[in-house]
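Peer 1: Okay, handing you the structure first.
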Amino acid sequence: MCGKSQQATNDRPDLSPQLRGIKFLIMTDALIIDAPDTDYRHPRQRVRLDTILRLRWLAALGQLSAIFIVVQGLEFDLPVVPCLAVISVSALLNLGLQIAFNPMQLLEPAHAGGLLALNIVELTVLLYLTGGLENPFSYMFLAPVLISATALPIRLTIMLGLLAVACASALFFMHLPLPWEGEEPLIFPPIYLFGVWLSIALAIGVTSLYAFQVTEEARKLSDALAATELVLAREQHLTQLDGLAAAAAHELGTPLATIVLISRELERALQDNSQVTSDIKTLREQAQRCRDILGKITQLSSMGSMYDRMKLSTLIEETVAPHRDFGVDIKVRVAVTAAKEPVGTRNPAILYGVGNILENAVDFARNTVEVNAWWNNDTIEIVVSDDGPGFAPDILKRIGEPYLSRRRSAEDVQGGNQGGGLGLGVFIARTLLERTGAKVSFTNRTFPDHGAVVQIVWPRRRFEASDDGGEAEPE
30 MCGKSQQATN DRPDLSPQLR GIKFLIMTDA LIIDAPDTDY RHPRQRVRLD
80 TILRLRWLAA LGQLSAIFIV VQGLEFDLPV VPCLAVISVS ALLNLGLQIA
130 FNPMQLLEPA HAGGLLALNI VELTVLLYLT GGLENPFSYM FLAPVLISAT
180 ALPIRLTIML GLLAVACASA LFFMHLPLPW EGEEPLIFPP IYLFGVWLSI
230 ALAIGVTSLY AFQVTEEARK LSDALAATEL VLAREQHLTQ LDGLAAAAAH
280 ELGTPLATIV LISRELERAL QDNSQVTSDI KTLREQAQRC RDILGKITQL
330 SSMGSMYDRM KLSTLIEETV APHRDFGVDI KVRVAVTAAK EPVGTRNPAI
380 LYGVGNILEN AVDFARNTVE VNAWWNNDTI EIVVSDDGPG FAPDILKRIG
430 EPYLSRRRSA EDVQGGNQGG GLGLGVFIAR TLLERTGAKV SFTNRTFPDH
480 GAVVQIVWPR RRFEASDDGG EAEPE
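Going by this note's numbering, the residue at position 57 of the sequence shown is 86; the numbering climbs one at a time, nothing skipped.
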């Protein structure tokens, strides 16, 4: 029995390339749909233990080098033993962490912040032994705070900055003399030391804020681009699935036709056996039903292939259609010019990008949204405008950046809500459209009119000949 089952399994024909493609795309699309939601605005910020340990080893090596140069090269009197004791404790801690934990593991932000705080404390002790703020290496307080600003949440960075300023303040009042040649210690006036303290505090605040802003912008941009790729990948999956479904329908048509033909012959040959004839008739009818379903799929796919390239007016109508039932009047005006109407690829990036901008216009409009299209032999232009509150002047130049959410809808204005959904979606739309060669600009209507205006302009050759981000073919 097992042998027959195994033989039947081995004799089973493999899936065709089209069916394997459909299975792959469905599984991939399911993974995209079922993927856990990612908090793009507040991503978890974690660093590896190995990164922190490398920085601590580098600091210890630099401190040892400085001590060696001061003692052996400059021949200054330095409390070598206490300094080496502090560095040894730091080195032993590094070794213990390397042995006890996997250096490749990701640290929780609090743990990484604790190690950086320990760096600040160790530096404070060394500076206390070597002149306090009179020591030119006192500016090394900036290093742990800058590392935190680029890798840890802002709350921990602020705490580390306050700790560094507090330690610098303590060194202003308490420290051993600065190692110097001769028997007389080098004494700096208090006003100079206050200037050093103030410059350290300001440097910590300014450089940390700048580093955090730059890193945060890069992180937001990276996450937004990842979301853009996810949206585009899903649109492409759906497009490919449609084509593979048509190919599979065509391939399955032949065996189903054979089943229908044989069942019809058996039905004629077994007319005397009413029970068997009834079963064969049912088999033939169900096989014919499958053929009809596959025929509809093929027909729909053929209709879809006709629209793989579509006129600009058709593309606009397809984009506008899903948004007509939301209580806002959408007026479409397609200008008739002397130039022939452009025909472009049914590009998912264009459909999604224009659709997202139109959706935002519908959300923020009070009564009307206008979609105007115009073209000539060189340029294609689509303008989407609404009669809503428009873009705030202070963010107008930043529209299209990820996570910018300052525009208010008509309902928000009436209800006093200060929120507004504008940011990542517009960023994705702008990125996708620009990949197709478009230039996207955001403005407001001129007074006394009110509302937002989004202008999308393509070079005609690029619109008619390019796919997602592809270059137009030379004419």
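Ideal placement from N, C-alpha and C gives every residue a C-beta, glycine not left out.
Just the C-alpha distance for H204 and F241, rounded to the nearest angstrom, thanks.
Peer 2: In the sequence shown, counting from the first residue as 1, residue 204 sits at position 175. In the sequence shown, counting from the first residue as 1, residue 241 sits at position 212. Looking at the two C-alpha atoms, the distance is approximately 32 Å.
Peer 1: Are the beta-carbon atoms belonging to V357 and I345 less than 8 Å from one another?
Peer 2: What you label residue 357 is simply residue 328 of the sequence shown in a count that begins at 1. What you label residue 345 is simply residue 316 of the sequence shown in a count that begins at 1. Against a cut-off of 8 Å, the Cβ pair of I345 and V357 comes out as no contact.
Peer 1: In angstroms with no decimal places, state the Cα-to-Cα distance between R490 and T366.
Peer 2: By one-based count along the sequence shown, residue 490 stands at place 461. By one-based count along the sequence shown, residue 366 stands at place 337. Using only the alpha carbons, I get a separation of about 17 Å.
Peer 1: Since A378 and D415 are thought to touch, with beta carbons under 8 Å apart, how far apart are those beta carbons, to the nearest angstrom?
Peer 2: Here residue 378 refers to the residue found at position 349 when the sequence shown is read from its first residue. Here residue 415 refers to the residue found at position 386 when the sequence shown is read from its first residue. The pair is not a contact, with the Cβ atoms about 23 Å apart (cut-off 8 Å).
Peer 1: For a minimum of 3 consecutive residues, which ranges assigned as the beta strand (DSSP E) are wholly contained in the segment 388–413?
Peer 2: Within the segment 388–413, the complete beta strand (DSSP E) runs of at least 3 residues are 397–404.
Peer 1: List the endpoints of the continuous alpha helix (DSSP H) containing A364.
Peer 2: Along the sequence shown, one-based indexing puts residue 364 at 335. It is not in any alpha helix (DSSP H) - A364 carries neither H nor E in the DSSP assignment.
Peer 1: Are the beta-carbon atoms belonging to F170 and I229 less than 8 Å from one another?
Peer 2: Walking along the sequence shown from the start, residue 170 turns up at place 141. Walking along the sequence shown from the start, residue 229 turns up at place 200. Yes, Cβ-Cβ distance for F170 and I229 is below 8 Å.
Peer 1: List the endpoints of the continuous alpha helix (DSSP H) containing P138.
Peer 2: Here residue 138 corresponds to residue number 109 of the sequence shown, with the count starting at 1. P138 to L158 is the span of the alpha helix (DSSP H), which, as asked, contains P138.
Peer 1: Is it true that the segment 119–134 meets the segment 82–99, where meeting means three or more beta-carbon pairs spaced less than 8 Å apart?
Peer 2: In short, these stretches touch, since the Cβ pair count reaches three.
Peer 1: In angstroms, rounded to a whole number, what distance separates the CA positions of L113 and L90?
Peer 2: In the sequence shown, the residue the question calls residue 113 occupies position 84. In the sequence shown, the residue the question calls residue 90 occupies position 61. Spanning the two alpha carbons is a distance of roughly 11 Å.
Peer 1: Taking Cβ to Cβ, would you say E294 is nearer than 8 Å to H352?
Peer 2: Reading the sequence shown from its first residue, position 265 is the one you call residue 294. Reading the sequence shown from its first residue, position 323 is the one you call residue 352. Contact: no.
Peer 1: Just the Cα atoms here: how many angstroms apart are T306 and T283?
Peer 2: Working through the sequence shown from its first residue, we reach residue 306 at position 277. Working through the sequence shown from its first residue, we reach residue 283 at position 254. Rounded to whole angstroms, T306 to T283 spans 23 Å at the Cα level.
Peer 1: If I measure Cβ to Cβ from G142 and keep anything under 8 Å in the same chain, skipping five residues before and after, which residues do I get?
Peer 2: The count along the sequence shown starts at 1 and reaches residue 142 at position 113. Contacts found: S177, L181, L185, M188 and L189.
Peer 1: Quick check on R338: does DSSP put it in helix, strand or coil?
Peer 2: Translated into positions along the sequence shown, residue 338 becomes position 309. Three-state result, R338: strand.
Peer 1: Any idea if Y381 is buried or exposed, counting beta-carbon neighbours within 10 angstroms, 16 or more meaning buried?
Peer 2: Stepping through the sequence shown from its first residue, residue 381 is reached at position 352. Y381 should be labelled buried.
Peer 1: Closer than 8 Å by C-beta to E296: which residues in its own chain qualify, once you throw out the five before and the five after it? Chain order, please.
Peer 2: As a first step, residue 296 must be located in the sequence shown, where it is residue number 267. Within the same chain, E296 has close Cβ partners T306, I309, K310 and R313.
Peer 1: Among A146, P165, L222 and P206, which one has its Cα closest to the Cα of L191?
Peer 2: Residue 191 sits at position 162 when you count from the first residue of the sequence shown. Per the Cα distances, A146.
Peer 1: Please classify D106: does DSSP put it in a helix, a strand, or coil?
Peer 2: Position 77 of the sequence shown holds residue 106. Correct three-state label for D106: coil.
Peer 1: Within 10 angstroms of the Cβ of K426, are there 16 or more other Cβ atoms? Answer buried if so, exposed if not.
Peer 2: Here residue 426 corresponds to residue number 397 of the sequence shown, with the count starting at 1. Looking at its Cβ environment, which holds fewer than 16 other Cβ atoms inside 10 Å, K426 is exposed.
Peer 1: What separation, rounded to the nearest whole angstrom, lies between the Cα atoms of V154 and V76?
Peer 2: One-based indexing of the sequence shown puts residue 154 at position 125. One-based indexing of the sequence shown puts residue 76 at position 47. About 26 Å.
Peer 1: Does DSSP put D321 in a helix, a strand or coil?
Peer 2: Here residue 321 refers to the residue found at position 292 when the sequence shown is read from its first residue. Of the three classes helix, strand and coil, the one that applies to D321 here is helix, per DSSP.
Peer 1: Considering only C-alpha positions, which residue in the set F456, L144 and E410 is nearest to F492?
Peer 2: On the sequence shown, position 463 is the one that residue 492 refers to. F492 has its Cα closest to that of E410, out of F456, L144 and E410.
Peer 1: Comparing alpha-carbon positions, which option in V243, I288, E246 and E104 lies nearest E212?
Peer 2: Mapped onto the sequence shown, residue 212 falls at position 183. The residue with the shortest Cα to Cα distance from E212 is E104.
Peer 1: Within its chain, find whatever has a CB closer than 7 Å to the CB of A88; leave out the 5 residues flanking it on each side and keep chain order.
Peer 2: Counting from one through the sequence shown, the residue named residue 88 turns up at place 59. So the list reads N148, once near-sequence residues are dropped.
Peer 1: Indicate the three-state DSSP secondary structure (helix, strand or coil) for V357 in the structure shown.
Peer 2: Numbered from 1 along the sequence shown, position 328 holds the residue referred to as residue 357. Note: V357 maps to coil in three-state DSSP.
Peer 1: When you compare the CB positions of G384 and A481, do they come within less than 8 Å of one another, or not?
Peer 2: Numbered from its first residue, the sequence shown carries residue 384 at position 355. Numbered from its first residue, the sequence shown carries residue 481 at position 452. For G384 and A481, no; Cβs fall outside 8 Å.
Peer 1: When the Cα of R375 is compared with those of K340, G224 and L215, which residue comes out closest?
Peer 2: Counting from one through the sequence shown, the residue named residue 375 turns up at place 346. R375 has its Cα closest to that of K340, out of K340, G224 and L215.
Peer 1: In terms of DSSP beta bridges, what is Q484 paired with?
Peer 2: Here residue 484 corresponds to residue number 455 of the sequence shown, with the count starting at 1. Paired residues: V412 and S470.
Peer 1: I'd like the span of the alpha helix (DSSP H) that includes V174, first residue to last.
Peer 2: Here residue 174 refers to the residue found at position 145 when the sequence shown is read from its first residue. From DSSP, the alpha helix (DSSP H) with V174 extends over L171 to A180.
Peer 1: Hey, out of A458, V115, E347 and W487, whose CA is closest to L259's CA?
Peer 2: Position 230 of the sequence shown, counting from 1, holds the residue named residue 259. Checked all of A458, V115, E347 and W487; the closest Cα to L259 is A458.
Peer 1: Rounded C-beta distance between P208 and G160? I'm assuming under 8 Å.
Peer 2: Taking the first residue of the sequence shown as 1, we reach residue 208 at position 179. Taking the first residue of the sequence shown as 1, we reach residue 160 at position 131. Correct: roughly 7 Å between the Cβ atoms.
Peer 1: Measuring alpha carbon to alpha carbon, tell me which residue in I359, S292 and N401 is nearest A394.
Peer 2: Position 365 of the sequence shown, counted from the start, is the residue given in the question as residue 394. Considering only alpha carbons, the answer is I359.
Peer 1: Going by DSSP in three states, E493 sits in which element: helix, strand or coil?
Peer 2: Counting from one through the sequence shown, the residue named residue 493 turns up at place 464. Correct three-state label for E493: helix.
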